[in-house]
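Okay, so here's the structure we're looking at.
Residue numbers (UniProt numbering): 1 to 536.
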């Protein structure tokens, strides 16, 4: 039935085309593979006729030098460029496949590490006696010129440049001639791209680390300077116990600190060099991989060439790190969004990180926080996307692995935005102490009432029940728990004494939580100091 619908649709499409000037005469039959290709070509040509309708299909795709200004692909009548892998092929690659297969549109950001890796590889080939020192120098010098073209923005991408490796090698050949063909001796794009991504990600991890450290220092500094502010603490979003505002800040800083530790740990598994593994079976020319790793500043080399070309665990780990960091930003943002509402009013967000409404003049919206909350789902999706790619792959390299880079690159780009935004929000946030104090209700001291009797030797399970009776008594009397007097409480237990009303002090309640990690002033200040010391 579905095949019939497709055939019917194709016939209708053919009739509509025959009534207007068109490069197509009729809809082809769907009975052969060749004609399915023709239908695909109709779609490609239609996209050039209706670029506005088809623009989304090419979003993010590479714009080649032979493309029309409107964005549609034109193919030259000149002979196709020689493929790196084209020796056993007699037919040309379908233009659709060219577009489908290319990755230069997104992996071109690896140009610098690709050149670094190739320079080191040229030196390693020379040390192994595979090429001469003159040839190695020509390669390194030529690659330096290629790098300058990328840096100055004049590198010309040409048809046939499938990926960053192909583009750089093609340009090197144009600069130094046929000797460039020796650079790929013993090397595959399989171990080359795995090396490039590790080099790139290792550098990005250092940048992200510095951004996280800045955020954590901001949290530690604010926690110290605002330690005297008390606020309600919540469980189930219900008022629970009094805490210090700084204690709340350090709660989220503790999560970010774990994220930093997670990043530091995963870098160990990023910092492993696969270069010299070949396509899968290893290097046939006695390459000194340990020396090559030292040249590229890798901590160690991979131990199995089959695994080396297919291992993307380190990317999955990075995406998990980013997902957890995003979740922690989302939780922090949710707290602040709630605390910033008119109903709470505990914080005011800076104009620098807020926006307004195009309709309602009075609005001041916490868009920075809402975007932080929203973007957390982005990194989770990227993690799931990569794991889905990996789960069904057979051993060694498969083209599916090309899907890793767009997920990784977008994730890194997102972190470059979200971490500085979080630092900006935190550094400009204004706590409203009066509103926080107003939120400190007497019922939050019910646990302190139970603790009063615990200190007199009464089992906590019994004191918990007695304190609950006191809460019920206050409700019956229509007053706050802290309005109850010794006379009100004495009938509930014989060990209540006149000093029981000393329990009705928020500052005393907070200071009682003095164990390590608690909300007393000294405990909080120690948390802030320890956090700062850990960042040195």
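Positions of the beta carbon are idealized from the N, C-alpha and C atoms, including for glycine.
Here's the rule: buried if 16 or more other CB atoms are within 10 angstroms of the residue's CB, otherwise exposed. What is residue 529?
exposed
Could you check how far apart the C-beta atoms of residue 175 and residue 110 are, in whole angstroms? I think they sit under 8 angstroms.
That belief does not hold up - the Cβ atoms of residue 175 and residue 110 are roughly 20 angstroms apart, past 8 angstroms.
I'd like the list of long-range same chain contacts for residue 379, defined as Cβ closer than 7 angstroms, with 5 residues on each side in sequence excluded.
319, 322, 323, 326, 411, 414
Leaving aside the five residues before and after residue 104 along the sequence, list all residues of the same chain whose C-beta is less than 7 angstroms from its C-beta, in chain order.
62, 157, 161, 162, 163, 164, 167
Hey, residue 172 and residue 143: beta-carbon distance below 8 angstroms or not?
yes
Candidates 473, 425, 94, 390: which alpha carbon is nearest residue 316's?
390
To the nearest angstrom, how far is the alpha carbon of residue 439 from that of residue 239?
8 angstroms
Flag this pair as yes or no: are the beta carbons of residue 397 and residue 287 separated by less than 8 angstroms?
no
Could you check the C-alpha separation between residue 334 and residue 373 for me, to the nearest Å?
7 angstroms
Identify whether residue 242 lies in helix, strand or coil by the three-state DSSP scheme.
strand
Among the candidates 367, 473, 472, whose CA atom is the shortest distance from the CA of residue 421?
367
Secondary structure at residue 158, three-state DSSP: helix, strand or coil?
coil
Beta bridge counterpart(s) of residue 430 as assigned by DSSP:
348
Select from 307, 458, 518 the residue whose C-alpha is nearest the C-alpha of residue 492.
458
Which of helix, strand or coil does DSSP assign to residue 362?
coil
Label residue 247 either buried or exposed according to how many other C-beta atoms from any shown protein chain fall within 10 Å of its C-beta, with 16 as the threshold for buried.
buried
Among 419, 498, 426, nearest to residue 453 - alpha-carbon criterion
498
Buried or exposed by the 16-neighbour rule on C-beta atoms within 10 Å, applied to residue 346
buried
Between which two residues does the alpha helix (DSSP H) containing residue 371 stretch?
367-391
Would residue 230 pass as a contact of residue 437 if the rule is Cβ separation under 8 angstroms?
yes
What residue from 450, 201, 233 has the CA that sits closest to residue 268's CA?
201
Go ahead and label residue 154 buried or exposed: buried means 16 or more other beta carbons lie within 10 angstroms of its beta carbon, across all protein chains shown.
exposed
Counted within 10 angstroms of its Cβ, other Cβ atoms place residue 249 as buried (16 or more) or exposed:
buried
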